[in-house]
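The next block holds one structure in the form of structure tokens; read it before the comments.
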Amino acid sequence: MNKGDIKKAFTASIPVMAGYVVLGMGFGIILKTKGYGLIWAAAMSIFIYAGSMQYVAINLITGGASLITAAFTTLMVNARHLFYGISMIDKYKGAGRKRPYLIFALTDETYSLVCSDETLKGVSDRHLYYFFVSFFNQIYWVAGSVIGSALGSLITFNVEGIDFALTALFVTIFVEQWLDTRDHRPALTGLASSIACLIVFGADKFLIPAMVCITAAFAIMRRRGKEQRDE
Amino acid sequence: MSDFSMALMIAVIALVTMLLRFLPFLIFGGEKETPEFITYLGKVLPYAIMAMLVVYCLKGISLTGAPYGLPELISCGLVIILHVFKRNTLISIIGGTICYMILVQLVF
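Shown next as structure tokens:
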């Protein structure tokens, strides 16, 4: 056990803490108002552990959706996780017994913390670091859900807008990556594809088309790059 | 919904989510060498995905009706400026979030 790595993992996870505790609480509160208490909130946050999908799941549950509908909705909402896996294959190689949990806990926010090598400066065992980033994040999420479910009705101060912390986290990482590299084509490809698909397909359906566009664009860029080298 | 159907529903959602997370590793994660295109994707995708996530977070704003997405755009602008000049993740996130909370609670 390297305590330095665990400490670094904790420091890296602090930005997610704010967002996850608040969003987790929101989830716990809503689920509670629909008649499902603490145990259900905890079970969902432990076993599903996918932020936006759990909010969608509340609608599925209260709407009495069929299991098939639930499966397809999950497939659509969470398809982006395929991307996270693809880009972490090499980084998670050799993680041994930690690997299944690393893969299980690969949420948007965890991905944003482990995807760039930037954060690994001074880390001696990177798989231990990845493990604790993933683990701390899930603790925040589960804790938020449980607190929301148990104490939601006691909150009196206005927290409206605090969930912007997660947007701010992604913007910060985007800027960090931008400053850290000279080739901005991958970032611009993602930005242009996502905005174009958002306009064409609308807010609820743009993610999967955007993923297809991004993959296609990279396939073309890859081929062009190879042709130029071969000439 | 009965406890049993609820548990079944949670199990289905959990399994599909896990399937999506594990699938790439099951296909490409073995001892065999990762295909070159997948390694390439692994290098370029983080940049593209972060852009996609930012758009995903902002997808709900409306540019045609008040407040025209201004709280989000102003706060994102502040995050970018803070990060370019300070390069400190916590300062950027806390600054942007406080700015957003003030804007949605008191201004717009």
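So the sequence lines, in the order shown, correspond to chains A and B.
Going by our numbering, the first sequence opens with residue 1015, and the numbers climb by one from there.
Going by our numbering, the second sequence opens with residue 48, and the numbers climb by one from there.
The beta carbon of each residue, even a glycine, is placed where N, CA and C say it ideally should be.
>> So, does the segment 1032-1045 of chain A touch the segment 1139-1155 of chain A, judging by three or more C-beta pairs under 8 Å?
In response: yes
> residue 155(B) versus chain A: which residues are under 8 Å apart at the beta carbon?
Replying inline: Against the second sequence, residue 155(B) aligns to sequence position 108. The premise fails here: residue 155(B) is roughly 10 Å from chain A at the closest Cβ pair, so nothing lies under 8 Å.
>> Within a Cβ cutoff of 6 Å, which residues of the same chain sit near residue 1146(A), ignoring the five residues on either side of it in sequence?
In response: Reading the first sequence from its first residue, position 132 is the one you call residue 1146(A). Excluding residues within five positions, the ones whose Cβ falls inside 6 Å are 1020, 1023.
> Should residue 115(B) be flagged as near chain A, meaning a C-beta pair shorter than 8 Å?
Replying inline: One-based indexing of the second sequence puts residue 115(B) at position 68. Cβ-Cβ to chain A under 8 Å: no for residue 115(B).
> Going straight from the alpha carbon of residue 1029(A) to that of residue 1244(A), what length do you get?
Replying inline: Taking the first sequence and counting its residues from 1, the one referred to as residue 1029(A) is at position 15. Taking the first sequence and counting its residues from 1, the one referred to as residue 1244(A) is at position 230. Whole-angstrom Cα-Cα distance: 45 Å.
>> Counting beta carbon pairs with one atom in the segment 1090-1108 of chain A and one in the segment 1125-1133 of chain A, are three or more of them shorter than 8 Å?
In response: yes
> Between the segment 109-133 of chain B and chain D, which residues of the former have CB atoms less than 8 Å from a CB of the latter, in chain order?
Replying inline: Of the protein chains in the structure, A and B, none is chain D.
> Counting pairs of beta carbons, one from the segment 54-67 of chain B and one from the segment 1218-1233 of chain A, are three or more of them closer than 8 Å?
Replying inline: no
> Buried or exposed: which applies to residue 1197(A), given that a residue is buried once 16 or more other Cβ atoms fall within 10 Å of its Cβ?
Replying inline: Counting from one through the first sequence, the residue named residue 1197(A) turns up at place 183. Classification of residue 1197(A): exposed, given that the 10 Å Cβ count is below 16.
> To the nearest angstrom, how far is it from the Cα of residue 1211(A) to the Cα of residue 1232(A)?
Replying inline: One-based indexing of the first sequence puts residue 1211(A) at position 197. One-based indexing of the first sequence puts residue 1232(A) at position 218. Distance between the alpha carbons of residue 1211(A) and residue 1232(A) is about 16 Å.
> Using a C-beta cutoff of 8 Å, does residue 1223(A) count as contacting chain B?
Replying inline: The residue labelled residue 1223(A) in the question sits at position 209 within the first sequence. Chain B contact via Cβ: absent.
>> Quick test of your reading: residue 1117(A) and residue 68(B), contact by CB under 8 Å. State the CB separation rounded to the nearest angstrom.
In response: Counting from one through the first sequence, the residue named residue 1117(A) turns up at place 103. Counting from one through the second sequence, the residue named residue 68(B) turns up at place 21. At roughly 5 Å, the Cβ-Cβ gap stays under 8 Å, so residue 1117(A) and residue 68(B) are in contact.
>> Run through chain B and tell me which residues come within less than 8 Å of residue 1095(A), C-beta to C-beta.
In response: By 1-based counting over the first sequence, the position of residue 1095(A) is 81. Going along chain B in sequence order, the residues near residue 1095(A) (Cβ under 8 Å) are 64, 67, 68.
>> I want to see whether chain A comes within less than 8 Å of residue 51(B), judged by CB atoms only; does it?
In response: Locating residue 51(B) in the second sequence gives position 4, where the first residue counts as 1. Output row for residue 51(B): interface = no.
>> Suppose only complete runs of 4+ residues qualify. What are the alpha helix (DSSP H) ranges in the segment 1129-1190 of chain A, listed by chain order?
In response: 1140-1165
> Given that a residue counts as buried once 16 or more other Cβ atoms are within 10 Å of its Cβ, and exposed if not, what is residue 111(B)?
Replying inline: Numbered from its first residue, the second sequence carries residue 111(B) at position 64. Under this definition residue 111(B) is an exposed residue.
> Distance, Cα to Cα, residue 1187(A) vs residue 1133(A)?
Replying inline: Within the first sequence, numbered from 1, the residue matching residue 1187(A) stands at position 173. Within the first sequence, numbered from 1, the residue matching residue 1133(A) stands at position 119. Computed Cα separation, rounded: 11 Å.
> Between which two residues does the alpha helix (DSSP H) harbouring residue 94(B) extend?
Replying inline: Within the second sequence, the letter at position 47 stands for residue 94(B). Note, residue 94(B): alpha helix (DSSP H), 83-105.
>> Buried or exposed for residue 1111(A), going by 16 or more other Cβ atoms inside 10 Å?
In response: The sequence position of residue 1111(A) within the first sequence is 97, counting from 1. Residue 1111(A) should be labelled exposed.
>> Classify residue 1242(A): buried if its beta carbon has 16 or more other beta carbons within 10 angstroms, exposed otherwise.
In response: Within the first sequence, numbered from 1, the residue matching residue 1242(A) stands at position 228. Exposed is the call here.
> Could you give the C-beta distance for residue 122(B) and residue 143(B), rounded to a whole number, given that I count them as a contact under 8 Å?
Replying inline: As a working note, residue 122(B) is residue 75 in the second sequence. As a working note, residue 143(B) is residue 96 in the second sequence. Right, the Cβ-Cβ distance comes to about 5 Å (below 8 Å), so this counts as a contact.
>> Quick check on residue 1196(A): does DSSP put it in helix, strand or coil?
In response: One-based indexing of the first sequence puts residue 1196(A) at position 182. Reduced to three states, the DSSP call for residue 1196(A) is coil.
>> Let me confirm a value: residue 1077(A) is counted as buried when at least 16 other C-beta atoms fall within 10 Å, else exposed. Which label applies?
In response: Residue 1077(A) sits at position 63 when you count from the first residue of the first sequence. Counting Cβ neighbours within 10 Å, residue 1077(A) comes out exposed, since fewer than 16 surround it.
> Roughly how many angstroms separate the alpha carbons of residue 1213(A) and residue 1017(A), rounded to a whole number?
Replying inline: As a first step, residue 1213(A) is located in the first sequence; it is residue number 199 there, counting from the start. As a first step, residue 1017(A) is located in the first sequence; it is residue number 3 there, counting from the start. So the alpha carbons of these two residues sit roughly 47 Å apart.
>> Can you pull out the residues from the segment 84-110 of chain B whose beta carbon lies closer than 9 Å to at least one beta carbon of chain A?
In response: 84, 85, 86, 87, 88, 89, 90, 91, 92, 93, 94, 95, 96, 97, 98, 99, 100, 101, 102, 103, 104, 105, 106, 107
> When the Cα of residue 145(B) is compared with those of 1192(A), 1120(A), 1176(A), 1189(A), which residue comes out closest?
Replying inline: Taking the first residue of the second sequence as position 1, residue 145(B) is located at position 98. With distances taken between Cα atoms, residue 145(B) lies closest to 1176(A).
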